[in-house]
Each structure stands twice: as C-alpha cells, then as structure tokens.
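For what it's worth, this note's numbering labels the leading residue of the sequence shown as 22, then goes sequentially. Ideal placement from N, C-alpha and C gives every residue a C-beta, glycine not left out.
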Amino acid sequence: MLQATCDSTAAIGKYLVKEYVDHYRRNNIAPDFYYCLWGGGQYRSHPNARAIILAQLHELATNYGKIPYFWLDMKSWGPADLSAREIYDSLKNVNPETIVMFNQHIQDGSVIHYFPTDILNGEMCSPPAEGHDPYRTVNGKKYYLPFEYEPCSQMRSGGATKKS
C-alpha cells in the first residue's frame, strides 16, 4: 500500500488531527472525519490519485482508534478508477461499525448517486413532502438507508443559493 506523504504537523508544530481526536474523546464526543476527494483538482490528473486517497483514508481509519463516522465529499471529482465500493470497503475492513456516508449532492435524498453508503443525505434540501423512505432496493437487494439533513449554505456568484 502506498504511504500517505503529507506533512501531518501544522506550522504551529502540533499534529492537529491527533489534537482534534484527543480533545473530542476527552470531552466524551465521538470524533469523525470529513474527507474531500476533490483535493483542489490535483487528484484528477495525478497518476497515483487512487492510491494516495486510499492511503490517506487508511491512515485516518487506523491511526486514531475507532472512528465512528466518515463523511466523504466530492466523489464525482475524484479519480475515475476509484469506486465508492472500494472506498467503502477499505473503511469497513478497518472498522465494520464505522458509518460511511458519501455526499449524494444537493438533493432531497431521493437519488442514490454513490453506493454503498450507510446514510443518504440531503445537502440543503429537506426530504420529500411525502417523507423519506429509508428502505431502498439497489441491484435487487433491499437496504435501510436513513436520511441526514445538512443545513449548509452554498452560494453562487450573485448571492443566490443553489436549489435542487
């Protein structure tokens, strides 16, 4: 496996991810991680993008004890040769209890863009008026996928909020 080669210490000389995890645990809060596959565009053309992302996620999943939740964003901008299944399995193989959620884009939870995922989300959108059906069939198999509403603000130029 490719080793992640990022410098994990901040300019202030502290290992911020460890500081974050330790602080949360000292205060009886379960730490979780947000991971953006976009990487500022650098991963799309990098020849080792797939290996780098998997190495970074493996580092996050193994260096800090059990991490209960991974919120993964910008899958559509990640490398084409890295599937949601591969990311999901790599995290679940380390800790089967980890909740893995792929951001499903700005929508009401009615569409599954990336699977597997343990939760469907509605970024900036509430569930449909008739309610969220947490039981979904994917490839002939039924899954329970609860809905997470994310009240976030994403602005377009001119100040208009994006709508689904």
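When beta bridges are read from the DSSP output, Y165 appears opposite Y156.
Here the C-alpha atom of Y36 lies approximately 40 Å from the C-alpha atom of H153.
Bounds of any beta strand (DSSP E) do not take in V115; it lies within the alpha helix (DSSP H) bounded by 105-115. Judged by DSSP in its simplified three-state form, W92 adopts strand. Residue nearest to Y135 within the set M95, H79, I74 is M95 (criterion: CA-CA distance). Within the same chain, Cβ atoms closer than 6 Å to the Cβ of W98 are found at W59, the five residues on either side in sequence being excluded. The continuous beta strand (DSSP E) containing I120 extends over residues 120-123.
For Y56, the three-state secondary structure derived from DSSP is strand.
The beta-bridge partner set that DSSP reports for N84 consists of G86. Between the alpha carbons of I50 and I133 lies a distance of about 30 Å. Here Q125 is actually not in contact with L103; their C-beta atoms are around 17 Å apart, not less than 8 Å. Across the set S131, P89, P68, the C-alpha of S131 shows the shortest separation from the C-alpha of P167. Taking 8 Å as the cut-off, the beta carbon of I120 is found closer than this to the beta carbon of D139.
Distance from the CA of G86 to the CA of A76, rounded to the nearest whole angstrom, comes to 16 Å.
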